[in-house]
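Below is one structure, written out as structure tokens, with a few remarks after it.
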């Protein structure tokens, strides 16, 4: 007797799509059986011919809790994640007060957020110039990776020099841990910003020009060179351009342990959206030229970019004000944790014709393997957690402010239309969202450690 059976669905794995029933017992996938097999279960979900995906894992989320809760918090952020098909999120250590940089802060954060999570969650550990001595402690606590900036960062955090990054990678190598980097060259950006600000008036082209692809490329090459020299594990966050992806691919083929992610907004929007719409589309690295989007999809398809994260980076509407803060001072970040899966399906599968397996690879298997939780998360396989998303490929949608579960119902994705929508999200066999509505219990989400 099973607790649950999901029948009449098309199961999507990293390499195939097939008809099957998925059987769940005690929160785990207990069996995958041929359609029509007689199984006994306490509850049955009829997938009605829709796709049955492994739960998505958001490799890059800023939930701002504790400390910056006027932007986002765990109850709203994880609710939005569940509605959008993310069953596990990997939460960033910055825009926290204080930043997650030692064991005591880790314990305090875990105690603070655990009563409020609707879906499962992991922690990125902080990687700054003052916590090299606590990296082992954070690794032992269960942090799945460690986040650093090579480019400019918000005032609550610290960028590393290449020399400091080298020492950090030496420490993390001894722990078998992965470091993730925001790769944009600090000196290029600061110099280009200063050049632009000498003009009488700035426009959005000035912002885009201040963060050129070469700044991302140089920083990525430097991190890859360190990883190769030290035989260390690195992760390149939010890759925005095919030229950067190609350098990563060459390193992977050369045996360097480098994983990489892109984000839904780099696969759907271009620099013209920034010029037309302004600060709602401001992010770093910035959106690139339209031709880059097609190249980025190819690097997702071939596995170079094995993760698609949201880089959910929310704020109040006032913080996006160009009048109050100027083009360079307006908050940079796009809220996308609720909409990434539907946008990736619509843009990649429905619009461009990629096989649905591209989602299972880049939203589930890829991040699970990169962050050391594969085996528990990341696939529809016997013994894995029963994290499952049923997606209706024919369901048309338009993203509206009132549909968003965020603290601040603003996003660059508002107004976007497409097809293919998560209609049921299960975390460890329990339904947490259905038909765009939250139905789960606050506090059901569990902390997930890296598997040692």
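Residue numbers (the numbering used here): 1 to 452.
All C-beta atoms in this analysis are idealised placements derived from N, C-alpha and C, irrespective of residue type, glycine included.
(1) Comparing alpha-carbon positions, which option in 7, 22, 3 lies nearest residue 380?
(2) What would DSSP say about residue 191, mapped onto helix, strand or coil?
(3) By the DSSP assignment, the alpha helix (DSSP H) with residue 139 in it spans what residues?
(4) Grab the span of the alpha helix (DSSP H) containing residue 359 for me, first residue to last.
(5) Let's see if you can read the secondary structure: which residues bound the alpha helix (DSSP H) around residue 74?
(6) CB residue 94 to CB residue 154, shorter than 9 angstroms?
(7) In or out: residue 127 buried (at least 16 other Cβ within 10 Å) or exposed?
(8) Between which two residues does the alpha helix (DSSP H) holding residue 249 run?
(9) Count the other CB atoms, across all protein chains shown, that sit within 10 Å of the CB of residue 400; report buried if there are 16 or more and exposed otherwise.
(10) Would you call residue 115 buried or exposed, if buried means 16 or more other Cβ atoms sit within 10 Å of its Cβ?
(11) Considering only residues of the same chain and omitting the five flanking positions on each side of residue 417, which have a CB-CB separation below 6 angstroms?
(12) Give me the Cα-Cα distance between residue 4 and residue 80, rounded to the nearest whole angstrom.
(13) Does the pairing of the segment 329 to 340 with the segment 307 to 316 give three or more beta-carbon distances under 8 angstroms?
(14) Would you decide whether residue 48 is buried or exposed? Buried here means 16 or more other CB atoms lie within 10 Å of its CB.
(15) Considering only C-alpha positions, which residue in the set 352, 228, 411 is nearest to residue 273?
(16) First and last residue of the beta strand (DSSP E) that includes residue 430?
(17) Does the separation of the CB atoms of residue 136 and residue 105 fall below 9 angstroms?
(18) So, residue 296 versus residue 86, is the Cβ gap smaller than 9 angstroms?
(19) On a Cα-Cα basis, can you pick out the residue from 7, 84, 29 that is closest to residue 432?
(20) Is the beta carbon of residue 383 less than 9 angstroms from the beta carbon of residue 368?
(21) Count the other CB atoms within 10 Å of the CB of residue 229; is the residue buried (16 or more) or exposed (fewer)?
(22) Identify every residue that forms a DSSP beta bridge with residue 363.
(23) Whole angstroms is fine: what's the gap from residue 65's alpha carbon to residue 39's?
(24) How about residue 300 and residue 224: are their beta carbons less than 9 angstroms apart?
(25) Whole angstroms is fine: what's the gap from residue 437's alpha carbon to residue 338's?
(26) Between residue 82 and the ligand SAM, is there a pair consisting of the residue's CB and a ligand heavy atom that are separated by less than 8 angstroms?
(27) For residue 22, name the three-state secondary structure that DSSP assigns.
(28) Can you tell me where the alpha helix (DSSP H) with residue 326 in it begins and where it stops?
(29) Along the chain, where does the beta strand (DSSP E) containing residue 123 start, and where does it finish?
(30) In terms of alpha-carbon separation, which member of 133, 162, 271, 293 lies closest to residue 283?
(31) Just to check my reading of the structure: residue 54 and residue 387 have Cβ atoms closer than 8 angstroms, yes? What is that Cβ distance to the nearest angstrom?
(32) If I measure Cβ to Cβ from residue 168 and keep anything under 8 angstroms in the same chain, skipping five residues before and after, which residues do I get?
(33) Ends of the alpha helix (DSSP H) at residue 205?
(34) Quick check on the DSSP output: what are the complete beta strand (DSSP E) runs of length 3 or more inside the segment 377 to 401, in order along the chain?
(35) Are the CB atoms of residue 449 and residue 142 within a distance shorter than 9 angstroms?
With the given structure in hand:
(1) In terms of Cα proximity to residue 380, the closest of 7, 22, 3 is 22.
(2) If DSSP states are grouped into helix, strand and coil, residue 191 belongs with the helices.
(3) 135 to 141 is the span of the alpha helix (DSSP H), which, as asked, contains residue 139.
(4) Start and end: 357 to 360.
(5) Per DSSP, residue 74 is one residue of the alpha helix (DSSP H) stretching across 74 to 84.
(6) Yes, these two residues count as a Cβ contact at 9 angstroms.
(7) It is buried - the Cβ of residue 127 has at least 16 other Cβ atoms within 10 Å.
(8) Per DSSP, residue 249 belongs to the alpha helix (DSSP H) from 242 to 253.
(9) The residue in question, residue 400, is exposed, as its Cβ has fewer than 16 Cβ neighbours within 10 Å.
(10) Around the Cβ of residue 115, a 10 Å sphere holds fewer than 16 other Cβ atoms; the residue is exposed.
(11) The residues are 398.
(12) In this structure, the straight-line span from the alpha carbon of residue 4 to that of residue 80 is close to 24 angstroms.
(13) Under the three-pair Cβ rule at 8 angstroms, the segment 329 to 340 counts as touching the segment 307 to 316.
(14) Result: exposed.
(15) Selected option, being the one with the closest Cα: 411.
(16) In the DSSP assignment, residue 430 falls within the unbroken beta strand (DSSP E) covering 430 to 434.
(17) Result no, Cβ atoms of residue 136 and residue 105 do not sit closer than 9 angstroms.
(18) Judged by beta-carbon spacing, residue 86 lies beyond the 9 angstroms limit of residue 296, meaning their Cβ atoms are not closer than that value.
(19) Comparing Cα positions, the closest option is 84.
(20) Not a contact, by the Cβ cut-off of 9 angstroms.
(21) Counting every other CB atom within 10 Å of its CB across the protein chains shown gives residue 229 a total below 16, marking it as exposed.
(22) Per DSSP, residue 363 has no beta-bridge partner at all.
(23) If I take the Cα positions, the gap works out to 43 angstroms.
(24) For residue 300 and residue 224, no; Cβs fall outside 9 angstroms.
(25) Rounded to whole angstroms, residue 437 to residue 338 spans 11 angstroms at the Cα level.
(26) The ligand SAM is not among the ligands present in this structure, which contains no ligands whatsoever.
(27) Three-state result, residue 22: strand.
(28) From DSSP, the alpha helix (DSSP H) with residue 326 extends over 322 to 329.
(29) Residues 120 to 126.
(30) When each option's Cα is compared against that of residue 283, the closest is 271.
(31) Sure, about 6 angstroms apart at Cβ, within 8 angstroms.
(32) Same-chain partners within the cutoff: 127, 132, 135, 146, 148, 160, 179.
(33) Where residue 205 is concerned, the enclosing alpha helix (DSSP H) starts and stops at 204 to 210.
(34) Taking only runs of at least 3 residues, the beta strand (DSSP E) segments lying wholly in the segment 377 to 401 are 388 to 398.
(35) Cβ atoms of residue 142 and residue 449: closer than 9 angstroms.
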